[in-house]
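Chains as they are written, first to last, in my numbering: chain A, 3 to 436; chain B, 66 to 384.
And the structure:
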């Protein structure tokens with residue numbers, strides 16, 4: 003349900019959950035914080051009880067197109083993103099073909115624009131074919147229409163230290179960032195889940211925390227050495243939090259991401275061998291989950307990224323070892339963050355705006371996103387009803403795939419509207435046919 | 066008991082009931098006509114995704130002696146070769162009317178998935194899933210130990226006995242199932258292995274761990290010692306090998322004549338088979354009078370008869 007870009011006035015809303023105001027949106031911008039200034043004929047949204055956040059930005063989305071349109075398309079993924087409160091997503095490069103040339107990233111970028119529900123920013127591969135051997139044409143992707151600034155072999159680790167060093171150095175030319183999937187490949191051959199008490203009992207091959215931490219430490223030191231920017235994707239262990247905290251204190255240009263599932267689920271979920279809980283990096287024990295929450299709350303971890311990873315049923319309705327790694331998350335991310343961090347008093351809604359909109363936009367160097375809710379700023383707004391609880395039911399969601407680990411879980415709040423440059427890209431039924 | 070998937074969490078009285086029933090089954094096997102009519106009209110499918118002639122034959126013999134119809138389905142597959150999926154296979158077998166499915170699979174958790182995913186309605190017996198569990202092997206081990214050392218009377222557990230399990234604990238479904246079951250039955254279990262072959266988190270298991278076989282022989286008054294098979298792939302793989310050489314393994318963890326002589330007179334020597342003679346166990350130890358390896362095989366049939374009977378004969382089995 004979308005309206006045109008006619009004027010919209012949101013009355014009596016709470017900006018960031020702490021500042022009462024009205025929002026008047028016109029011509030793609032916020033033009034006033036007083037409903038008295040609303041132009042005639044503006045669409046009125048009653049904002050009572052709602053919270054307005056700057057439109058959410060995801061640095062970590064798998065849209066699967068081109069190549070795996072059976073799992074997700076840019077269109078279905080865009081719908082899922084809008085329903086999750088996102089106005090911008092970064093589409094990971096591990097498609098078929100790999101997004102390692104200007105041609106592929108431009109194709110993804112154009113398709114995102116055609117659909118127009120979210121801004122789709124393609125992530126460029128660091129190495130050709132994600133093979134970890136030769137740098138892809140990073141400059142060509144940066145200079146393309148897609149204006150790539152985030153480079154990642156996500157799904158695979160850039161494990162060769164020389165290749166990683168070169169990438170970190172090279173992207174400085176266009177203020178890019180290398181987003182690392184930190185996983186030592188040798189320490190994780192055949193790994194199925196976190197290596198610990200549960201893996202020992204279940205007889206599933208372990209993925210040790212050190213396989214992540216060793217790469218995080220190395221890359222922080224490489225970033226320091228060459229002065230480049232490194233971003234740690236889906237940071238999942240207490241040790242990684244400690245290393246990033248240390249590196250930031252040293253002034254190293256490192257940023258980090260936590261996913262909703264690593265903030266909420268533990269490796270105990272592997273009991274029963276339901277592949278919905280199979281993900282990479284794996285779900286970790288409670289102490290790691292706690293450390294990741296603390297790291298997010300104190301700013302050591304900069305952003306929440308969804309790592310939305312759709313897989314069709316046939317890749318999940320099977321034995322654990324055969325199943326694909328990954329879980330969807332666009333439509334549940336905000337609700338999980340509210341449940342795990344806001345409801346527990348560890349973060350405010352202003353903090354949520356920081357980790358789900360402002361910092362992701364800064365790290366991705368995307369203009370016009372993550373901006374303050376203030377006059378003259380772009381009209382990118384996510385409206386949340388923090389008391390409109392709902393129960394996660396994957397078949398009813400918009401993603402083409404259903405592999406949510408949160409199925410059946412009640413989330414405390416709902417996204418009720420998503421507005422991209424003044425256009426409503428998603429409206430909840432509770433708004434009554436906006 | 067609807068399925069037999071693990072020994073972890075199997076209540077002591079259930080386990081003892083299986084052992085007692087196995088004892089009854091063993092008695093029938095001494096008769097001239099060994100076949101029982103108990104499961105006439107029932108269909109048992111042996112679904113083997115991994116080669117295991119011994120286990121399959123044992124289950125087949127057990128089912129046939131109970132007069133069940135047996136269908137053997139061998140679907141060798143690997144994680145890479147995407148052939149028929151477990152789900153499709155299970156649904157096919159369901160359509161054929163399987164009352165019981167005995168599954169051996171290379172993937173840990175495959176038996177549990179089969180039992181809980183709704184793919185089949187039959188009773189599922191785990192005949193070994195990956196590196197997870199092998200509950201009927203543990204039951205036959207417990208049965209064998211009880212017969213020799215706990216006077217084998219019905220209702221008796223393994224209280225007060227000490228059992229050592231030696232070898233590749235990390236990859237052994239037998240070790241896991243034995244550790245849970247034998248301790249549930251009251252035995253003290255000692256795992257003996259190099260540190261590389263012990264899973265992380267073993268300190269939460271109800272067992273003791275030592276890294277030297279000689280130290281174990283010194284410290285514990287063992288009633289039974291179980292030698293696990295060392296798989297070839299654990300010794301190779303360049304830098305990923307779990308120990309330096311087969312010779313070093315044998316030197317430190319092999320059961321030879323010298324170590325055999327240090328065991329108390331009553332101690333029985335066990336092995337789930339097939340044995341690597343000269344590696345984890347010497348011929349002298351394997352063929353000594355204390356070795357119950359061949360008896361374990363015979364007991365396997367009785368135990369599997371008991372399991373199939375208790376799962377498939379329905380209510381009449383309980384009375």
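In this text, a Cβ means the ideal position worked out from N, Cα and C, and glycines have one as well.
Remember, predicted model here, so these are calculated numbers, not experimental data.
Taking all protein chains shown into account, do 16 or more other C-beta atoms lie within 10 angstroms of the C-beta of residue 67/B, making it buried, or fewer, making it exposed?
Position 2 of the second chain, counting from 1, holds the residue named residue 67/B. Exposed, by the Cβ-count rule.
Output needed in chain order: residues of the region 311-328 of chain A with a Cβ under 9 Å from some Cβ in chain B.
316, 319, 320, 321, 322, 323 and 324
Own chain, CB closer than 6 Å to residue 144/B, minus 5 neighbours either side, in chain order:
Residue mapping note: residue 144/B aligns to position 79 of the second chain, counting from 1. In this prediction, residue 144/B scores a pLDDT of 41, lower than 50, which makes its location untrustworthy; the coordinate-derived value is nonetheless stated afterwards. Within the same chain, residue 144/B has no close Cβ partners at all.
Would you say residue 173/B lies against chain A (beta-carbon separation less than 7 Å)?
As a position in the second chain, residue 173/B is number 108, starting the count at 1. Yes - at least one Cβ of chain A is within 7 Å of the one on residue 173/B.
Measuring only the C-alpha atoms, how far is residue 324/B from residue 282/B?
Working through the second chain from its first residue, we reach residue 324/B at position 259. Working through the second chain from its first residue, we reach residue 282/B at position 217. Approximately 8 Å between the Cα atoms of the pair.
Should residue 146/B be flagged as near chain A, meaning a C-beta pair shorter than 7 Å?
Indexing the second chain from 1 puts residue 146/B at position 81. Residue confidence for residue 146/B is low, a pLDDT of 48 falling below 50, so the modelled location carries little weight and cannot support an answer.
Can you say whether residue 98/B is buried or exposed, counting buried as having 16 or more other CB atoms within 10 angstroms of its CB?
Your numbering for residue 98/B matches position 33 in the second chain. Answer is exposed; the Cβ neighbour count stays below 16.
If you pair each beta-carbon of the region 114-134 of chain A with each one of the region 340-347 of chain A, do three or more pairs fall below 8 Å?
no
Do three or more CB pairs link the region 42-55 of chain A to the region 291-300 of chain A at distances below 8 Å?
no
Below 7 Å CB to CB, which residues in the same chain sit around residue 199/A once its five sequence neighbours on both sides are set aside?
Taking the first chain and counting its residues from 1, the one referred to as residue 199/A is at position 197. If we look at residue 199/A and ignore the five residues flanking it on each side, it has no Cβ neighbours.
Please specify which runs of the alpha helix (DSSP H), each continuous and at least 4 residues long, are wholly inside the region 143-177 of chain A, giving them in chain order.
163-172
Between the region 227-251 of chain B and chain A, which residues of the former have CB atoms less than 7 Å from a CB of the latter, in chain order?
238 and 241
Start-end ranges of the alpha helix (DSSP H) lying completely within the region 156-213 of chain B, minimum 4 residues
175-181
Does the Cβ of residue 146/B have 16 or more other Cβ atoms within 10 Å, making it buried, or fewer, making it exposed?
For the purposes of this step, residue 146/B is identified with residue 81 of the second chain, where counting begins at 1. Only weak support exists for where residue 146/B lies, its pLDDT of 48 falling under 50; the value from the coordinates is given anyway. Exposed: under 16 other Cβ atoms inside 10 Å.
Neighbourhood of residue 138/B by C-beta, 8 Å cutoff - its chain only, sequence neighbours within 5 removed
Stepping through the second chain from its first residue, residue 138/B is reached at position 73. Around residue 138/B: 110, 111, 112, 113, 154 and 158.
By alpha-carbon positions, which one of 118/B, 105/B and 239/B ends up nearest to residue 133/B?
Within the second chain, numbered from 1, the residue matching residue 133/B stands at position 68. That would be 105/B, whose Cα lies nearest to the Cα of residue 133/B.
Below 6 Å CB to CB, which residues in the same chain sit around residue 362/A once its five sequence neighbours on both sides are set aside?
Translated into the one-based positions of the first chain, residue 362/A becomes position 360. If we look at residue 362/A and ignore the five residues flanking it on each side, its Cβ neighbours are 59, 61 and 305.
Who are the neighbours of residue 195/B on chain A, taking C-beta pairs under 8 Å?
As a first step, residue 195/B must be located in the second chain, where it is residue number 130. In chain order: 205, 206 and 323.
Threshold first: 3 residues or longer. Then list the beta strand (DSSP E) segments lying entirely within the region 187-266 of chain A, N to C.
The region 187-266 of chain A contains these whole beta strand (DSSP E) runs: 232-234 and 256-260.
Using the beta-carbon of each residue, which ones in chain B are nearer than 8 Å to residue 197/A?
Taking the first chain and counting its residues from 1, one reaches residue 197/A at position 195. Those are 265, listed as they occur along chain B.
How many angstroms separate the CA atom of residue 78/B from the CA atom of residue 244/B?
On the second chain, residue 78/B is found 13 positions in, with the first residue counted as 1. On the second chain, residue 244/B is found 179 positions in, with the first residue counted as 1. Going by the C-alpha atoms only, they are around 17 Å apart.
Beta-carbon proximity check, residue 120/A vs residue 152/A, cutoff 7 Å:
Stepping through the first chain from its first residue, residue 120/A is reached at position 118. Stepping through the first chain from its first residue, residue 152/A is reached at position 150. No. Outside cutoff.
Chain-ordered neighbours of residue 158/B on chain A, where CB pairs are closer than 7 Å
Counting from one through the second chain, the residue named residue 158/B turns up at place 93. Residues of chain A whose Cβ lies closer than 7 Å to the Cβ of residue 158/B do not exist; the shortest such Cβ separation is about 15 Å.
Assign residue 112/A to one of three DSSP states: helix, strand, or coil.
Your numbering for residue 112/A matches position 110 in the first chain. If DSSP states are grouped into helix, strand and coil, residue 112/A belongs with the helices.
Would residue 72/B and residue 246/B qualify as a contact pair, given that the criterion is a beta-carbon distance under 7 Å?
As a working mapping, residue 72/B is identified with position 7 in the second chain. As a working mapping, residue 246/B is identified with position 181 in the second chain. Cβ atoms of residue 72/B and residue 246/B: closer than 7 Å.
Is it buried or exposed, residue 21/A, if we count other Cβ atoms within 10 angstroms and call 16 or more buried?
To locate residue 21/A, count along the first chain from 1; it is residue 19. Under this definition residue 21/A is an exposed residue.
Could you pull out every unbroken beta strand (DSSP E) segment of at least 3 residues lying fully inside the region 42-73 of chain A, listed in chain order?
45-48, 53-56 and 58-63
Chain A contacts made by the region 73-88 of chain B, where a contact means CB separation under 9 Å:
Residues passing the 9 Å Cβ filter: 73.
Compare the C-beta of residue 202/A against all C-beta atoms of chain B and say whether one is closer than 7 Å.
Counting from 1 along the first chain, the entry for residue 202/A is found at position 200. True, the Cβ-Cβ gap to chain B drops below 7 Å.
Rounded separation between residue 347/B and residue 320/B - CA only:
For the purposes of this step, residue 347/B is taken as residue 282 along the second chain, with counting starting at 1. For the purposes of this step, residue 320/B is taken as residue 255 along the second chain, with counting starting at 1. Answer to the nearest angstrom: the Cα atoms are 6 Å apart.
In chain order, what residues of the same chain have a beta carbon less than 7 Å from the beta carbon of residue 210/A, not counting five sequence neighbours either side?
Here residue 210/A corresponds to residue number 208 of the first chain, with the count starting at 1. Once the five neighbours on either side are set aside, the close Cβ partners of residue 210/A are 189 and 197.
I want to verify the contact list: residues of chain B whose CB lies under 9 Å from the CB of residue 69/A, in sequence order.
Within the first chain, the letter at position 67 stands for residue 69/A. Neighbours of residue 69/A on chain B: none; closest Cβ ~17 Å, over 9 Å.
Residue 292/A, enclosing alpha helix (DSSP H) - first and last residue
One-based indexing of the first chain puts residue 292/A at position 290. Start and end: 288-299.
If you measure between the beta carbons of residue 401/A and residue 95/A, is that distance less than 7 Å?
What you label residue 401/A is simply residue 399 of the first chain in a count that begins at 1. What you label residue 95/A is simply residue 93 of the first chain in a count that begins at 1. Residue 95/A is positioned such that its CB atom lies no closer than 7 Å to that of residue 401/A.
At the level of alpha carbons, what is the spacing between residue 287/B and residue 280/B?
Position 222 of the second chain holds residue 287/B. Position 215 of the second chain holds residue 280/B. Spanning the two alpha carbons is a distance of roughly 12 Å.
Nearest residue (CA-CA) to residue 160/A, options 218/A, 147/A and 111/A
As a first step, residue 160/A is located in the first chain; it is residue number 158 there, counting from the start. Nearest of 218/A, 147/A and 111/A to residue 160/A, Cα basis: 218/A.
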